[in-house]
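First up is the structure itself, then whatever we jot down about it.
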Amino acid sequence: MVEDERLPDDPRALPPEVFDFVVNNELKRAIRSQNFLTLLVVQPTPRTTEGHRSELARELARVIGRVVRETDILSPSADGRLSLVLLDADFDSSMQVVDRLMTWVEHYEFKTPATFAIGAASCPTHGVDLASLRSAAASRTVQPRRAPRGSSNAQ
Numbered sequence: 001m002v003e004d005e006r007l008p009d010d011p012r013a014l015p016p017e018v019f020d021f022v023v024n025n026e027l028k029r030a031i032r033s034q035n036f037l038t039l040l041v042v043q044p045t046p047r048t049t050e051g052h053r054s055e056l057a058r059e060l061a062r063v064i065g066r067v068v069r070e071t072d073i074l075s076p077s078a079d080g081r082l083s084l085v086l087l088d089a090d091f092d093s094s095m096q097v098v099d100r101l102m103t104w105v106e107h108y109e110f111k112t113p114a115t116f117a118i119g120a121a122s123c124p125t126h127g128v129d130l131a132s133l134r135s136a137a138a139s140r141t142v143q144p145r146r147a148p149r150g151s152s153n154a155q
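Numbering-wise (this note's numbering), the sequence shown opens with residue 1 and increments by one.
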């Protein structure tokens with residue numbers, strides 16, 4: 001398959017091991033300084049049998065990397081999820097980011113049509129370590145505050 005030349009890989013997308021290390025340090029900083037931090041986990045599901053979640057996660061990282069802050073941390077994983085950490089963002093503020101991300105996803109034409117589920121968890125509200133935040137995000141799927149468009153890539 002020819003690589004999409006419109007959006008090169010986002011250089012800010014970290015490998016999973018580096019992501020874990022950086023996020024664990026940011027969690028310590030957030031607790032020490034009494035700031036919030038929110039983990040978003042995006043799970044793409046291809047609408048066709050030809051799609052691969054890991055490819056969708058990398059493509060999603062390219063799209064999302066353009067619309068999040070430079071300080072936010074993102075990482076596509078081998079199992080096809082995209083993790084995004086919003087620094088200094090509480091859970092309610094993060095829902096505004098979810099709305100903005102879903103708008104971008106809806107307007108982007110992915111190589112493989114897909115639906116996207118977003119889980120969210122905030123430190124210290126839902127946990128203070130990466131494992132507990134991942135677990136909380138997996139069990140806490142959030143919906144955008146506005147209704148998605150009819151011919152959307154995302155639901």
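Virtual Cβ for every residue (Gly too), placed ideally from N, Cα, C.
Bear in mind the structure is a predicted one, so any value in this text is a computation, not a measurement.
At the C-beta level, Leu86 and Val42 stay beyond 8 Å of one another. Per DSSP, the beta-bridge partners of Thr141 are Gly119.
Between Glu106 and Ile118, the alpha-carbon positions lie close to 14 Å from each other. Under the DSSP assignment, Leu101 falls in the alpha helix (DSSP H) whose first and last residues are 91-107. Only residues of its own chain outside the window of five on either side were considered, and among them Ile64, Val67 have a CB closer than 7 Å to the CB of Leu101, listed in chain order. Residue pairing by DSSP puts Leu39 in a beta bridge opposite Val85, Ala121.
Here the alpha carbons of Val98 and Pro44 stand approximately 14 Å from one another. For Leu56, the enclosing alpha helix (DSSP H) begins and ends at 53-65.
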